[in-house]
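Here is the structure we will look at.
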């Protein structure tokens, strides 16, 4: 008898997600009903947006106690009563923190083959990560050659791609990241023109030094005090790409009093928020370009793989501490048939 | 000998503009140089944005001690060594708080005749006021029929036009204004669907009651706590028109801690700031429509005229207290030739 292993939500989290917010359950798999599809989960991605899903007013229904923890996953169809999804097909969808997921298949998307790339490239280079960076830079930020682009959380999965895409567009790119190693990585390995270590230097002073002609495009992954600092240096007709979490709270948990919001008017700034789920139709345009840029050595990505479903809640800590190096992914199970592609 | 009367800036203001921030000067007019134009100032407008002009990082060079106080004015050319501007021509430009203005004429725009309307209609219905309301609603806010539009400072010059234009576009329009008389005026006289008296009721509760389906477009004239409140109710793909002053400070002078900025992402909101000076090319499109709507009785405007240059600094108090009824305008001098048109 096959058992399904799951992490359920044990309580409404307060502050960052903690292992004690989840509870482990093992239960036998039910026989598969008519029209249904059973998927074996291969990879789950861990992301700061996981925390947002507990909030009312998020872009998805809020998670509640007793739910399987939500996650975007890659899986392989193991058993199917749906002729559109044959066993062995590699799919993506919100399968969650569990070893087996069952649905009618309407929530699953078949993944294209990526010759020469591991399955995890879907998460590190394509998928929501790649689409967010692509859409944010190419469609919203629209940097012109020679313009100055600032990216926050620049060593993160989206930020590192966004900065590299802005470089491909011919912009001068300044990344804001936490700590000397991340700053070294984005400048030396990823080709950013300069880095600001927000943990080690005054962001306002560094922006003024590194952006003497102001900031044309700000790709914002953090909100709060960093958003306020960049708004102080934004140029006329500047654009703010509001991606992912726009925090009104600083790391201390204190609300931030903005002092530069009036520049939204004075500098005729457009701030545009977006959720990548609204733009999945971009796959056809964005994926070939992202893959081409990667193949040409102009767009690097990194994944940081945690092994085993049992280790997932503890791994979240690295996410909120910012100690992961690359897109954090959990390997839930391996399968030579699907995984070796 | 003709004397020029002027209000000069006496000191850098702190808080709202006060009469003591200005000093009176009378001096004889110099003979007019080659290529120059002398204008007699008829009307000056008084506006909350006057205060913004003292700030660095505003959209115009900051005013400093010793400058003639800046104001958008209507004047009539009195003497001219510039063949393009003949005496008797009615013009508009930044002439300032003075009875005579001298320049090479490059800063002046000839005003079109408005058959059947007084000269002050340029300020109440057209000019920066009308263009700001038109551009903000028609080009940025773009409300669809049946959508919900919220306007702050709704009894003000721009806000009252913006709300009426949104009604013309078929939207449901809620105005936020201070005090029962302003709320009565925008609903009973100007056709707004409902009003929120921010001085007398909780804005968040009133928004939830009056906008049960959320807010699609917010025409923001105030920023701060009201912006934050409306962001709490903004719908997916909502639009914020950031017009004029977007305050980060409340009336108390305290910075506001925003709690709903994350909705800019969660609700995929676009916030766009603009300065009407960038859109003066809209005159050809907007003026005929504004005049037609006014002639058809669908768009009312109000002006509140203060008499005499000497009374201008004291009149500013009414602006910051919000006790003016309609666009506040100072009559600097009268001329039957120009004024009676």
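Residue numbers (this note's numbering), protein chains in the order written: chain A, 1 to 341; chain B, 1 to 341. In this text, a Cβ means the ideal position worked out from N, Cα and C, and glycines have one as well.
Could you check whether residue j and residue i sit closer than 8 Å to each other, using their CB atoms as the reference points?
{"i": "residue 217(B)", "j": "residue 141(B)", "result": "yes"}
{"i": "residue 153(A)", "j": "residue 159(A)", "result": "yes"}
{"i": "residue 328(B)", "j": "residue 315(B)", "result": "yes"}
{"i": "residue 155(B)", "j": "residue 182(B)", "result": "yes"}
{"i": "residue 268(B)", "j": "residue 236(B)", "result": "yes"}
{"i": "residue 97(A)", "j": "residue 133(A)", "result": "no"}
{"i": "residue 76(A)", "j": "residue 51(A)", "result": "no"}
{"i": "residue 124(B)", "j": "residue 171(B)", "result": "no"}
{"i": "residue 312(B)", "j": "residue 44(B)", "result": "yes"}
{"i": "residue 302(A)", "j": "residue 46(A)", "result": "no"}
{"i": "residue 168(A)", "j": "residue 211(A)", "result": "no"}
{"i": "residue 215(A)", "j": "residue 120(A)", "result": "no"}
{"i": "residue 137(B)", "j": "residue 162(B)", "result": "yes"}
{"i": "residue 135(A)", "j": "residue 279(A)", "result": "yes"}
{"i": "residue 221(A)", "j": "residue 99(A)", "result": "no"}
{"i": "residue 109(B)", "j": "residue 93(B)", "result": "yes"}
{"i": "residue 231(A)", "j": "residue 261(A)", "result": "yes"}
{"i": "residue 69(B)", "j": "residue 7(B)", "result": "yes"}
{"i": "residue 64(A)", "j": "residue 11(A)", "result": "no"}
{"i": "residue 272(A)", "j": "residue 270(B)", "result": "yes"}
{"i": "residue 126(B)", "j": "residue 287(B)", "result": "yes"}
{"i": "residue 204(B)", "j": "residue 219(B)", "result": "no"}
Counting only Cβ pairs nearer than 7 Å, list the residues of chain B close to residue i.
{"i": "residue 186(A)", "result": "By Cβ distance, chain B contributes nothing, its closest Cβ being about 23 Å from residue 186(A), past 7 Å."}
{"i": "residue 242(A)", "result": "264 and 265"}
For a contact meaning CB atoms closer than 9 Å, what does residue i contact in chain A?
{"i": "residue 266(B)", "result": "52, 55, 57, 58, 59, 246, 273 and 275"}
In angstroms with no decimal places, state the Cα-to-Cα distance between residue i and residue j.
{"i": "residue 13(B)", "j": "residue 115(B)", "result": "41 Å"}
{"i": "residue 33(A)", "j": "residue 79(A)", "result": "11 Å"}
{"i": "residue 184(B)", "j": "residue 195(B)", "result": "8 Å"}
{"i": "residue 35(B)", "j": "residue 111(B)", "result": "20 Å"}
{"i": "residue 207(B)", "j": "residue 2(A)", "result": "53 Å"}
{"i": "residue 118(A)", "j": "residue 234(B)", "result": "41 Å"}
{"i": "residue 9(A)", "j": "residue 318(A)", "result": "19 Å"}
{"i": "residue 54(A)", "j": "residue 263(B)", "result": "14 Å"}
{"i": "residue 144(A)", "j": "residue 238(A)", "result": "12 Å"}
{"i": "residue 323(A)", "j": "residue 186(A)", "result": "15 Å"}
{"i": "residue 275(A)", "j": "residue 48(A)", "result": "14 Å"}
{"i": "residue 59(B)", "j": "residue 266(A)", "result": "5 Å"}
{"i": "residue 189(B)", "j": "residue 299(B)", "result": "10 Å"}
{"i": "residue 73(B)", "j": "residue 62(A)", "result": "55 Å"}
{"i": "residue 258(B)", "j": "residue 226(B)", "result": "10 Å"}
{"i": "residue 29(B)", "j": "residue 128(B)", "result": "30 Å"}
{"i": "residue 21(A)", "j": "residue 325(B)", "result": "57 Å"}
{"i": "residue 38(B)", "j": "residue 27(B)", "result": "15 Å"}
{"i": "residue 284(A)", "j": "residue 113(B)", "result": "55 Å"}
{"i": "residue 180(B)", "j": "residue 197(B)", "result": "7 Å"}
{"i": "residue 19(B)", "j": "residue 25(B)", "result": "14 Å"}
{"i": "residue 151(A)", "j": "residue 56(A)", "result": "28 Å"}
{"i": "residue 83(B)", "j": "residue 91(B)", "result": "15 Å"}
{"i": "residue 17(B)", "j": "residue 256(B)", "result": "22 Å"}
{"i": "residue 289(A)", "j": "residue 243(A)", "result": "20 Å"}
{"i": "residue 213(B)", "j": "residue 202(B)", "result": "18 Å"}
{"i": "residue 107(B)", "j": "residue 192(A)", "result": "44 Å"}
Taking residue i as the query, report the chain A residues whose CB atoms sit under 8 Å from its CB, ordered along the chain.
{"i": "residue 278(B)", "result": "268"}
{"i": "residue 223(B)", "result": "261 and 262"}
List, in chain order, every chain B residue whose beta-carbon is nearer than 8 Å to that of residue i.
{"i": "residue 207(A)", "result": "None at all; the shortest Cβ gap to chain B is about 14 Å."}
{"i": "residue 175(A)", "result": "The premise fails here: residue 175(A) is roughly 20 Å from chain B at the closest Cβ pair, so nothing lies under 8 Å."}
Does residue i get closer than 8 Å to chain E when you measure Cβ to Cβ?
{"i": "residue 129(A)", "result": "In the displayed structure, chain E is absent; the protein chains listed are A and B."}
Ignoring anything shorter than 3 residues, give me the beta strand (DSSP E) runs that lie fully in the region 135-197 of chain B, in order along the chain. 148-152, 172-177 and 194-197
Along the chain, which unbroken stretches of the beta strand (DSSP E) at least 3 residues long are found entirely within the region 224-308 of chain A? 234-243, 270-274 and 303-307
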